[in-house]
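Peer 1: In our numbering, the protein residues as written are 49 to 179. Built from N, CA and C at the ideal position, the CB exists for glycine as well. Quantities reported herein were computed from a predicted structural model and do not represent experimental measurements. Encoded as structure tokens, here's the structure I'll be asking about.
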């Protein structure tokens with residue numbers, strides 16, 4: 049059986065007009081392969097605000113100033129996302145609450161050669177003012 053290594057980096061970004069809620073994620077990086085077909089991440093909300101986020105894949109390329117969205121040709125060659133499932137796809141955390149995000153291989157029998165990378169993005173919608 050061919051062996052492939054998937055490196056996952058859980059990256060949380062906030063798309064808010066105001067300050068983003070604090071979220072703690074552990075671990076930040078994991079490897080998934082045929083011998084270890086799933087990974088679990090713990091998300092903690094230590095803030096005093098409710099956090100609602102949608103979890104999705106994004107592919108990033110390293111550049112001197114940090115990261116930028118990967119170009120289509122890079123994504124096709126290096127993205128792990130087509131081979132992985134993430135659940136749950138959305139989370140809601142009360143202040144002080146914890147949640148687990150699980151990432152697993154879609155099909156354990158079909159893995160490409162080499163290393164692929166994808167990042168999980170937890171998109172936090174804009175906050176609404178209190179009534």
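In the DSSP assignment, the beta strand (DSSP E) including residue 117 goes from what residue to what residue?
Peer 2: 114-117
Peer 1: Runs of 3 residues minimum, wholly inside the segment 139-177: which ones carry the beta strand (DSSP E) assignment?
Peer 2: 146-153 and 162-172
Peer 1: Give every residue of the same chain whose Cβ lies closer than 7 Å to the Cβ of residue 96, excluding the five residues on either side of it in the sequence, and list them in chain order.
Peer 2: Excluding residues within five positions, the ones whose Cβ falls inside 7 Å are 143.
Peer 1: Beta-carbon separation of residue 147 and residue 139 under 8 Å?
Peer 2: Going by C-beta atoms, residue 147 is nearer than 8 Å to residue 139.
Peer 1: Do you know offhand how far residue 20's Cα is from residue 98's?
Peer 2: An answer regarding residue 20 cannot be provided, because it is not within the stretch 49 to 179 covered by the chain.
Peer 1: Flag this pair as touching only if the segment 98-116 and the segment 73-90 have three or more C-beta atom pairs under 8 Å; answer yes or no.
Peer 2: no
Peer 1: Taking Cβ positions, are residue 159 and residue 132 nearer each other than 8 Å?
Peer 2: no
Peer 1: Going along the chain, which residues of its own chain have a beta-carbon closer than 7 Å to the beta-carbon of residue 112, five neighbours each way excluded?
Peer 2: Cβ within range, chain order: n/a, list empty.
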